[in-house]
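Chains as they are written, first to last, in UniProt numbering: chain A, 1 to 295; chain B, 1 to 407. No residue lacks a Cβ here, since even glycine has one placed at the ideal position from N, Cα and C. All of these numbers come straight from a predicted model, not from anything done at the bench.
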């Protein structure tokens with residue numbers, strides 16, 4: 001039986017990890033909600049943002065957090081263009097399947113370019129506060145992890161506010177709920193879908209920066225992330241942002257706690273076991289996710 | 001185009017006839033310099049992917065060996081030419097690479113890639129073709145359990161023996177000072193795991209209790225959970241069976257949790273020149289086994305360090321030295337056997353290496369029948385921002401600091 005101190009430390013680490021998962025999964029589920037697009041390249045953009053943060057720190061000497069001033073608008077723009085120029089051209093009937101192929105290709109291109117430009121060498125940002133930590137009731141919280149969690153929290157809260165409080169957010173949610181009806185009430189669903197896609201990709205920019213603070217990055221790292229993220233959005237209910245966030249916290253916590261008993265290798269399987277169970281018992285997902293029932 | 005092809009064909013035909021003729025009247029003398037063609041040495045290396053960092057180091061070591069040897073007139077009057085393929089740290093790829101090098105590229109000699117995971121499949125291919133296979137990096141026990149007849153590991157000791165000097169030293173301490181509990185974390189990789197588990201077996205036999213024993217997959221980037229287990233166990237000492245980046249990540253994660261052991265030992269990572277910067281210079285007292293140091297007093301090592309530094313601008317590290325050592329062993333065998341090509345010659349090379357001792361940059365090497373070298377590693381420690389040899393006693397540059405200062 002693990003000690004109380006270890007359990008408490010693991011819960012904290014799990015919550016910090018879950019926060020990052022939540023932000024990344026939110027973007028991924030948004031794409032599906034808006035357009036029924038399965039965006040395999042989401043985590044590749046995540047690693048791209050992490051590389052840009054690393055690069056700006058190493059080459060330009062600025063704090064990685066500042067790189068977001070450039071990467072967030074840049075990724076938003078990329079997302080809009082990606083949706084308008086590529087994904088919007090796929091035929092509606094085969095959209096979901098074809099989007100897997102298309103975004104798979106984009107992921108491979110990004111990975112290849114990263115390898116070409118930065119080489120396959122593993123990189124890690126060396127921050128002055130990299131090993132600093134705070135104490136909380138006997139447990140330790142690394143400052144960098146706290147910053148990453150804070151970033152995720154702020155980004156998710158902003159996403160929530162945009163979705164709930166702005167006209168654009170209403171239009172976006174209307175588009176997610178019923179595209180034809182949204183058109184009938186005068187929403188330009190194509191434009192909204194483009195911006196929504198940009199919003200999703202912007203979360204990858206924030207997530208990548210958060211990721212770069214406390215982990216090693218290498219070009220093929222995105223394959224490591226896409227599996228768990230896909231599992232999270234299915235468990236959470238495809239297209240549901242709150243569902244994805246909730247599932248991310250639960251699974252992040254579960255992974256962290258299972259590592260105590262099972263070790264690192266087996267703890268990763270929690271995502272796939274959750275995925276199987278969800279598909280077997282409740283294919284529409286456990287949180288929200290009315291939308292997925294139609295597929 | 002046609003012309004050149006025809007000419008090449010003629011040249012080949014003439015060459016073959018000459019070679020046959022020479023072969024026929026060769027008699028007792030070894031048939032030296034039957035051709036001016038270079039000796040092509042085939043290598044597959046992990047230049048990208050998980051092992052790209054050490055893989056490139058190994059490549060530089062081979063390049064230095066080729067250049068230094070060629071500057072001195074080559075071997076048997078022939079120059080050495082390296083043919084390097086990138087296996088992307090992938091075990092399937094490495095098999096295809098050696099098949100290509102031996103089968104279709106018809107290289108004269110093959111030498112090993114980096115890391116046990118890649119050495120074992122590569123050695124199997126070399127074995128199939130009856131090629132001599134000297135390798136710079138396959139140090140785990142399983143390499144020598146495969147029944148390979150042509151494999152030789154060109155370094156002082158195998159993974160499980162790396163920490164032998166440290167184990168002896170710790171178990172010789174008076175009972176009150178000896179560590180009583182130990183935590184181990186090792187990459188799921190035969191070499192990295194072998195180093196940690198070699199020490200674990202010896203300490204357990206000596207009564208040091210294992211309180212954490214973690215194995216993580218090679219691509220792990222988040223070490224916080226493993227670090228949490230180690231930190232809350234409050235083990236007296238921590239041992240990391242690491243390569244490079246995982247060692248750095250684990251140390252940072254342990255420091256984030258403010259874990260202060262009496263002894264911290266990690267394989268490979270602490271001997272890398274980027275190590276101190278990578279963990280923000282919090283290196284105090286970290287131990288590492290090393291098979292090579294630039295200060296080693298062996299004759300060829302002085303030449304190696306000097307010429308390597310001139311070629312690459314910085315002195316060689318362990319990976320470079322092991323590759324260079326591999327080259328030295330192969331060169332000694334080629335010179336003694338008087339041949340370097342596929343076929344019969346390979347058997348002569350293997351027999352020679354098996355029966356002889358070779359002087360190298362890591363000292364004189366000899367092997368048992370499985371290809372395992374007979375020796376142990378030195379132990380280095382970070383003291384005051386520098387890494388120094390602390391064990392064994394007769395080679396030490398400084399005293400071992402135990403318990404270690406806080407990091």
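Within-8 Å CB hit, residue i to chain B
i                      : result
residue 121 of chain A : yes
residue 43 of chain A  : no
residue 208 of chain A : no
residue 270 of chain A : no
residue 125 of chain A : no
Which of helix, strand or coil DSSP assigns to residue i
i                      : result
residue 288 of chain B : strand
residue 33 of chain B  : Reliability of the predicted coordinates at residue 33 of chain B is poor, the pLDDT of 45 falling under 50, and the value obtained from them is presented with this limitation in mind. Residue 33 of chain B falls in the coil class under three-state DSSP.
residue 40 of chain B  : strand
residue 86 of chain B  : strand
residue 209 of chain B : strand
residue 233 of chain B : helix
residue 407 of chain B : coil
residue 261 of chain A : helix
residue 388 of chain B : strand
residue 2 of chain A   : coil
residue 266 of chain B : strand
residue 242 of chain B : coil
residue 122 of chain A : coil
residue 242 of chain A : helix
residue 381 of chain B : strand
residue 410 of chain B : Residue coverage of chain B in this structure runs from 1 to 407, which leaves residue 410 of chain B outside it and unanswerable.
residue 187 of chain B : strand
residue 257 of chain B : coil
residue 40 of chain A  : coil
residue 373 of chain B : strand
C-beta neighbour in chain A for residue i, strict 8 Å
i                      : result
residue 96 of chain B  : no
residue 188 of chain B : yes
residue 256 of chain B : yes
residue 360 of chain B : no
residue 222 of chain B : yes
residue 333 of chain B : no
residue 129 of chain B : no
residue 226 of chain B : yes
residue 211 of chain B : no
residue 252 of chain B : yes
residue 32 of chain B  : For residue 32 of chain B, the predicted structure reports a pLDDT of 46, less than 50, and the residue's modelled location is therefore unreliable. A value from the coordinates is still provided. It does not; no Cβ of chain A falls within 8 Å.
Beta-carbon proximity check, residue i vs residue j, cutoff 8 Å
i                      : j                      : result
residue 291 of chain B : residue 383 of chain B : no
residue 132 of chain A : residue 23 of chain A  : no
residue 323 of chain B : residue 62 of chain B  : yes
residue 257 of chain B : residue 228 of chain B : yes
residue 120 of chain A : residue 116 of chain B : no
residue 245 of chain A : residue 270 of chain A : no
residue 68 of chain A  : residue 206 of chain A : yes
residue 345 of chain B : residue 355 of chain B : no
residue 278 of chain B : residue 248 of chain B : yes
Residue of the options minimising C-alpha distance to residue i
i                      : options                       : result
residue 222 of chain A : A:142, A:103, A:154 and A:73  : A:103
residue 376 of chain B : B:385, B:387, B:392 and B:388 : B:392
residue 368 of chain B : B:50, B:103 and B:144         : B:144
residue 31 of chain A  : A:261, A:274 and A:233        : A:233
residue 218 of chain A : B:72, B:404 and B:245         : B:245
residue 117 of chain A : A:144, A:170 and A:55         : A:55
residue 171 of chain B : B:282, B:205 and B:300        : B:205
residue 185 of chain B : B:138, B:162, B:254 and B:351 : B:254
residue 142 of chain B : B:345, B:99, B:191 and B:398  : B:191
residue 14 of chain A  : A:231, A:203 and A:267        : A:267
residue 389 of chain B : B:353, B:121, B:289 and B:348 : B:289
Pairwise C-alpha distance: residue j and residue i
i                      : j                      : result
residue 64 of chain B  : residue 307 of chain B : 8 Å
residue 58 of chain A  : residue 36 of chain B  : 48 Å
residue 201 of chain A : residue 286 of chain A : 25 Å
residue 200 of chain B : residue 210 of chain B : 8 Å
residue 216 of chain B : residue 189 of chain A : 47 Å
residue 327 of chain B : residue 66 of chain B  : 8 Å
residue 318 of chain B : residue 271 of chain B : 8 Å
residue 51 of chain B  : residue 82 of chain B  : 20 Å
residue 78 of chain A  : residue 260 of chain B : 46 Å
residue 129 of chain B : residue 360 of chain B : 27 Å
residue 89 of chain B  : residue 53 of chain B  : 11 Å
Under 8 Å by beta carbon: chain E residues contacting residue i
i                     : result
residue 48 of chain B : The chain inventory of the structure shown lacks chain E, comprising the protein chains A and B.
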